[in-house]
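Here is the structure we will look at.
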Amino acid sequence: MLKIQNLSVVAEDQPILNDINLEINSKEIHALIGPKHSGKSAVAHAITGHPDIVVTEGDIIWNEKNLTVLDPDDRVQNNIFISFQNPPEFEDFTSWEITQEFFKNKKIDVSELFLKYFAYCELLELGREHTDKRLHGMYMNVSQAKRNELLYMLLSNPKLVILDEIDDGLSDHEVENIGKLLKDFLTETECSCLVITHNQKLLDILNPTHAHVMISGKIKTLSDVEIYKRIVEDGYSEFS
Amino acid sequence: MGIQSFLKAQKGDPDWAFTPDQYFDKEFKIIDASLIELAKEQSDQVVLRQNPNEKELLAKHLRIDVREAAILDLTIINEAANKLQQVFIYDIRLREAACVNMGLFIKGGKLNKHIIQLTLDDAATFNICGHAINNIGGDCEIITKLDHQGRYSVSNQFFTCEAGENSQTVFQSMVNISKSAKYSQIGIENSNLITGIDGRCQSVPEIRNSSDSAKIDSGTSTDMLEPEKTYYLQTRGLSLAKAEELLINKHRSKSLSIIQNNEIREEIEQLLN
């Protein structure tokens with residue numbers, strides 16, 4: 001279970017999150033919606049320990065461990081996975097090269113890893129050539145970069161998945177495809193999920209168990225999860 | 241820092257040249273003067289290890305004359321002590337159909353400057369790759385002046401540079417392609433990585449083309465060890481130290497992978513680490 005308690009954070013000395021509380025239990029899917037720059041991504045990266053985000057108050061507890069005192073790599077060792085809205089580019093690395101680096105210390109045989117990697121490439125419709133694609137916009141388009149993030153998610157076997165605008169830059173058809181894949185994955189693995197998005201189609205497919213609105217660094221949990229549909233369509237004026 | 245000495249190379253004139261007089265017996269003390277000569281159709285492999293550790297200002301002049309159709313593989317491995325200021329001048333003459341494959345790997349020094357100037361006759365080939373690293377607050381410089389005089393002459397330069405905290409690297413190259421250098425091929429690539437605060441990587445590739453049939457490729461890029469990248473790698477399970485090591489080693493491997501000899505490559509890897 002993830003428990004965020006009275007969390008306040010600053011980034012570059014500016015307050016970003018103000019006294020937020022959030023609980024995500026096993027198998028729950030939480031939608032986090034809100035206007036741009038309201039602090040949604042800050043919640044995601046506060047959980048995984050972005051170096052620019054400084055916790056000034058509160059705790060983030062995951063399975064009884066206080067994450068706030070851990071480095072990002074130690075946090076994700078506890079089966080937390082985050083997909084980035086804009087994954088950084090690594091022009092010198094191919095997708096497969098960097099995958100091997102991620103799993104070097106995880107006691108998994110390279111050939112076994114490759115078989116899994118390859119199977120997930122097929123599942124994500126990335127094709128055989130994805131193995132040699134460099135992690136850069138010149139070689140990989142936005143859709144491929146986002147599906148590459150999901151490839152790492154599938155390989156990571158997480159218990160908590162944080163999806164930061166995974167739909168950003170994707171066509172409706174692609175959102176539908178990855179939405180179904182994600183729904184199947186979450187159902188099969190009984191994984192908890194925090195999904196940050198503005199995309200109603202994605203939310204409809206994932207069918208969240210809870211929904212929250214983030215406004216100016218504060219979080220408001222919706223009394224009825226279905227309300228998100230009206231908010232996504234009409235905007236956030238009622239919260240301002 | 242030796243920024244002033246870097247500026248000396250910026251005359252903007254294709255006829256500029258360094259002469260040992262500029263350094264020797266003046267501010268710099270000569271420590272050696274050597275000549276490598278390869279006779280016609282001869283081939284040789286030379287590794288020069290330079291580890292000067294004197295506190296004085298040092299300079300070295302190396303002349304290389306590669307005769308017709310001769311082939312020289314030359315690797316220079318240089319590590320300078322922290323306070324040392326040294327200048328190396330390599331004067332290379334490549335005669336008809338001669339070939340020099342050169343590796344230049346330099347590390348450290350308050351000023352660690354390597355000046356390569358060469359002339360290429362008909363069908364001569366000059367390939368050079370290397371890596372310059374300074375992370376002790378000093379300045380590593382690689383300066384080349386290539387004069388393509390002959391037809392079908394080929395030059396390829398590939399350098400990676402790495403500047404740590406308050407340190408500097410310089411790659412400056414001037415390639416002059418004369419009117420007579422028909423069908424020549426020229427490649428210059430410089431890839432830099434800044435690994436510390438206030439690190440600087442200067443890159444000044446210049447080409448003056450008077451030929452009507454030369455093919456030229458030139459590229460330069462500078463990147464930083466960005467916290468966003470290391471954070472991303474951490475969220476994939478790598479420690480911060482491993483993440484930084486991964487990015488730095490990948491950068492270095494671009495030039496190291498060109499070295500075919502395993503023993504020499506390992507020696508250079510040790511030097512850079």
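Sequences listed follow chains A and B, in order.
Numbering-wise (the working numbering), the first sequence opens with residue 1 and increments by one.
Numbering-wise (the working numbering), the second sequence opens with residue 241 and increments by one.
Idealized CB from N, CA, C, for every residue including glycine.
Three-way DSSP call (helix, strand, coil) for residue i in this model
| i | result |
| --- | --- |
| A/N21 | strand |
| A/N148 | helix |
| B/V394 | strand |
| B/Q510 | helix |
| B/I498 | coil |
| B/C369 | strand |
| B/N375 | coil |
| B/K280 | coil |
| A/E64 | coil |
| A/P72 | helix |
| B/A310 | coil |
| A/A211 | strand |
| B/A363 | coil |
| B/D265 | Reliability fails at B/D265, whose pLDDT of 49 lies under 50, so the model's placement of it is uncertain and the value that follows must be treated cautiously. B/D265 falls in the coil class under three-state DSSP. |
| B/N352 | strand |
| A/P87 | coil |
| A/N199 | coil |
| B/S420 | coil |
| A/F102 | helix |
| B/E336 | coil |
| A/P15 | strand |
| A/S192 | strand |
| A/H50 | coil |
| A/D92 | strand |
| A/D132 | helix |
| A/D167 | coil |
| A/D109 | coil |
| B/L386 | strand |
| B/R505 | helix |
Beta-carbon contacts of residue i that lie in its chain and below 6 Å, excluding the five residues immediately before and after
| i | result |
| --- | --- |
| B/V287 | T315 |
| A/H45 | I53 |
| A/L186 | C193 |
| B/F345 | I317, G370, H371 and I508 |
| A/T56 | S8 and V10 |
| B/K385 | Q357 and M414 |
Residue of the options minimising C-alpha distance to residue i
| i | options | result |
| --- | --- | --- |
| B/N513 | B/E402, B/N502, B/I426 and B/S458 | B/E402 |
| A/K229 | A/E91, A/L2 and A/K201 | A/K201 |
| A/S8 | A/D19, A/Q14 and A/E122 | A/D19 |
| A/L206 | A/G217, A/I215 and A/L194 | A/L194 |
| B/F398 | B/I456, B/S283 and B/I498 | B/I498 |
| B/N341 | B/D361, B/S458, B/N416 and B/V306 | B/V306 |
| B/R522 | B/V410, B/R505 and B/N406 | Chain B is shown from 241 up to 513; residue 522 of chain B falls before or after that span and cannot be answered. |
| B/A363 | B/H388, B/K300, B/I356 and B/E277 | B/H388 |
| B/I368 | B/Q357, B/N432, B/N416 and B/A310 | B/Q357 |
| A/I24 | A/Y236, A/L160, A/V175 and A/L203 | A/L160 |
| B/E277 | B/L324, B/D331, B/A481 and B/K323 | B/D331 |
| B/I376 | B/D438, B/K385, B/I426 and B/S283 | B/D438 |
| B/V410 | B/L480, B/N374, B/A310 and B/R303 | B/N374 |
| A/K218 | A/E28, A/A42, A/M1 and A/S26 | A/A42 |
| A/L182 | A/Y120, A/S95 and A/D73 | A/Y120 |
Sequence-distant residues of the same chain with beta carbon closer than 8 Å to residue i, five excluded per side
| i | result |
| --- | --- |
| B/E484 | T435, L465 and T470 |
| A/K65 | N78 |
Sequence-distant residues of the same chain with beta carbon closer than 7 Å to residue i, five excluded per side
| i | result |
| --- | --- |
| B/T460 | N430, S443 and P445 |
| B/E319 | N291, K347, G348 and L511 |
| A/E89 | L135, H136 and G137 |
| B/L487 | L465 and K469 |
| B/D265 | Reliability of the predicted coordinates at B/D265 is poor, the pLDDT of 49 falling under 50, and no value is obtained from them. |
| A/V225 | P208, T209, H210 and A211 |
| A/D234 | none |
DSSP bridge partner residues for residue i (one or two, in chain order)
| i | result |
| --- | --- |
| A/L222 | Answer is none; A/L222 lacks a bridge partner. |
| B/C519 | Outside the shown range of chain B (241 to 513) lies residue 519 of chain B, about which nothing can therefore be said. |
| B/S461 | B/S431 |
| A/F81 | A/V161 |
| B/G343 | B/T315 and B/C369 |
| B/N449 | B/I417 |
| B/F399 | B/G370 and B/N430 |
| A/K3 | A/E23 and A/I61 |
| B/C380 | B/N352 and B/T409 |
Can you list, in chain order, the residues of the stretch 47 to 68 of chain A whose Cβ is nearer than 8 Å to any Cβ on chain B?
T48, G49, H50, P51 and D52
Closer than 9 Å between beta carbons: that is the criterion. Which residues of the stretch 478 to 505 of chain B meet it against chain A?
L478, S479, L480, K482, A483, L486, L487, K490, H491, S493 and K494
Residues, ordered as in the chain, of the stretch 425 to 455 of chain B that lie near chain A by beta-carbon distance below 7 Å
none
Pull out every residue of the stretch 177 to 210 of chain A whose Cβ sits closer than 7 Å to any Cβ of chain B, in chain order.
none
Under 9 Å (Cβ pairs) to chain B, residues found in the stretch 115 to 140 of chain A
none
Using Cβ-Cβ distances below 8 Å, what residues of the stretch 14 to 41 of chain A are close to chain B?
none
Between the stretch 222 to 240 of chain A and chain B, which residues of the former have CB atoms less than 9 Å from a CB of the latter, in chain order?
none
Residues of the stretch 75 to 87 of chain A in Cβ contact with chain B at a cutoff of 7 Å, in chain order, please.
V76, Q77, I82, F84 and P87
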